[in-house]
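Heads up: the sequence shown begins at 536 in my numbering, then just goes up one per residue.
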Amino acid sequence: MILPTGAVVAVADGTTLKLYHNRAAEPHIELVPHDDPEIAAKNPGSGTRHRDSSANPDVHRGEEDKFAAGTADYLNRMVTDGKIDQLFLIADPRTLGELRRHFHPKLREKLVGELHKDLVAHPVEDIVKAIHHA
């Protein structure tokens, strides 16, 4: 994939959001990291979907969903405030699904691509390779 110059790359999982800015001219990619934003976990509005119980022992899932909702809220604000014009999103499949549930229509318009991989803990070189192969 060719990532547009100036596009923001958001790399997320259920606990972390990392942002990068592509400053290279197309077709090259040179990602410059932003400071990691502070994300406030929000009620994802799906509390009954992922209830903790002995049948569903994943106690972290609810917190990850709240973090994903907070991440979507942060990205929505960045788009509606005009701070993101083009967005490429990378997240593990479950987080990506939860993020999509909370996207503002304007954010959907700004998406230039998505990749369902967990790359939060990977170096920027791995992220660039993954985008090239997307």
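The C-beta atom is built at its ideal place from N, Cα and C for all residues, glycine as well.
Span separating the alpha-carbon of residue i from that of residue j
i: E598; j: E573; result: 15 Å
i: Y555; j: L538; result: 12 Å
i: V663; j: A545; result: 12 Å
i: A604; j: H637; result: 6 Å
i: T583; j: K601; result: The predicted model places T583 with a pLDDT of 43, which falls under 50 and marks its position as unreliable, so this point remains unresolved.
i: H585; j: R558; result: At H585 the pLDDT is 47, less than 50, meaning the model places this residue with poor confidence and gives no usable figure here.
i: L624; j: L552; result: 10 Å
i: D548; j: P568; result: 17 Å
i: A665; j: M536; result: 9 Å
i: A575; j: H563; result: 34 Å
i: V647; j: H595; result: 30 Å
i: T550; j: L654; result: 12 Å
Where residue i falls: helix, strand or coil (DSSP)
i: R632; result: The identity of residue 632 in the sequence shown is Gly, whereas the question assumes Arg. Helix, per DSSP.
i: I666; result: helix
i: E598; result: helix
i: L654; result: coil
i: A626; result: strand
i: L538; result: coil
i: G605; result: helix
i: K641; result: helix
i: D587; result: Note that D587 scores 48 on pLDDT, short of 50, meaning its location in the model is unreliable and no value can be drawn from it.
Cβ separation of residue i and residue j, assumed to be a contact under 8 Å, to the nearest whole Å
i: L622; j: A542; result: 7 Å
i: K641; j: D608; result: Actually they are not in contact, since the Cβ atoms of K641 and D608 sit about 13 Å apart, beyond 8 Å.
i: H639; j: V614; result: 7 Å
i: A626; j: H667; result: With a Cβ gap of about 18 Å, A626 and H667 do not count as contacting.
Unbroken beta strand (DSSP E) run spanning residue i, endpoints
i: P568; result: 566 to 568
i: A545; result: 543 to 547
i: E649; result: 646 to 651
i: H556; result: 552 to 557
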